[in-house]
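Chemist: With the first letter of the sequence shown counted as 1, position 55 gets the number 38 in our numbering; the numbers rise by one all the way through.
Note that CB positions come from ideal geometry on N, CA and C, so glycine has one too.
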Amino acid sequence: HELFGEAGVTPRDLDDIVVGLGPGGFTGIRIGIATALGLGQALAIPVHGASTLEALALGIALGDGSGEAAGDVPGAPARGEDTLVIPVIDARRGQVFAAAYRVSPTGDFQEVVAPAAWDPDALAMALAPIGACAVAGDGADLVPLPPEARRAHALADRISPVRLVQRVRARAGRPVAPEYLRLPDAEENRLRRLREEAPA
């Protein structure tokens, strides 16, 4: 209610709901999706899922939707060009969540490297043959980037809601389900114990 009040709208003013699918914290993702689906059902409006990595990539490539283009920000892609974008999120445990997308000036996405949990050095090796790219996100500093990579931290948190809604509407029908990209800690610990206890 506080958020609606700050925005000056009511739930009945909503046309769509967009919820983050992850990657990110397991509990937060589950709660967010459950809340969004419940609101969508109560309001009889569609609920769309958005990958955190895709949302970051969109913000890096296309700017924040306020009139300032990505090309106006140091380290960001030039105006009017297809952009190779690498969103990187700190995944803890010495890993990062990352993917690579080629994004056109109109927002068309082509997946170049599938979203995954990476060791930073392995991601750097995967990026080496890609060449020039724009990298942003709270995990970017953890990756030893090749010389051709440009850091675009200024755009990492500037995701345009309008651009994002356009993107997810174009992909209507995508399952609204968590995209964890790796097992929860408890499950990894359980599997490790099973391996250790298994007979040689």
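(1) For the beta strand (DSSP E) containing D73, name the first residue and the last one.
(2) Hey, out of A82, H31 and R75, whose CA is closest to L147's CA?
(3) Where do the N-terminal and C-terminal ends of the alpha helix (DSSP H) with I12 fall, by residue?
(4) What separation, rounded to the nearest whole angstrom, lies between the Cα atoms of S87 and P129?
(5) Check whether the segment 1 to 16 touches the segment 88 to 97, taking contact to mean three or more Cβ pairs, one atom from each stretch, closer than 8 Å.
(6) Contact defined as beta carbons within less than 8 Å: I believe W101 pairs with A123. What is the distance between those atoms, to the nearest angstrom?
(7) For D73, I'd like the list of residues in its chain whose CB is within less than 7 Å of its CB, leaving aside the five on either flank, ordered along the chain.
(8) I'd like the list of long-range same chain contacts for L(-3), defined as Cβ closer than 7 Å, with 5 residues on each side in sequence excluded.
Modeler: From the atom records:
(1) Along the sequence shown, one-based indexing puts residue 73 at 90. Counting along the chain, the beta strand (DSSP E) containing D73 begins and ends at T66 to R75.
(2) As a position in the sequence shown, residue 147 is number 164, starting the count at 1. Answer by Cα proximity: H31.
(3) For the purposes of this step, residue 12 is taken as residue 29 along the sequence shown, with counting starting at 1. Run containing I12: F9 to L26, per the alpha helix (DSSP H) assignment.
(4) As a position in the sequence shown, residue 87 is number 104, starting the count at 1. As a position in the sequence shown, residue 129 is number 146, starting the count at 1. Approximately 23 Å, taken between the alpha carbons.
(5) no
(6) Residue numbering aside, residue 101 sits at position 118 when the sequence shown is read from its first letter. Residue numbering aside, residue 123 sits at position 140 when the sequence shown is read from its first letter. That belief does not hold up - the Cβ atoms of W101 and A123 are roughly 12 Å apart, past 8 Å.
(7) Locating residue 73 in the sequence shown gives position 90, where the first residue counts as 1. Once the five neighbours on either side are set aside, the close Cβ partners of D73 are V79, D121, G122 and L125.
(8) Mapped onto the sequence shown, residue -3 falls at position 14. Same-chain partners within the cutoff: L26 and I28.
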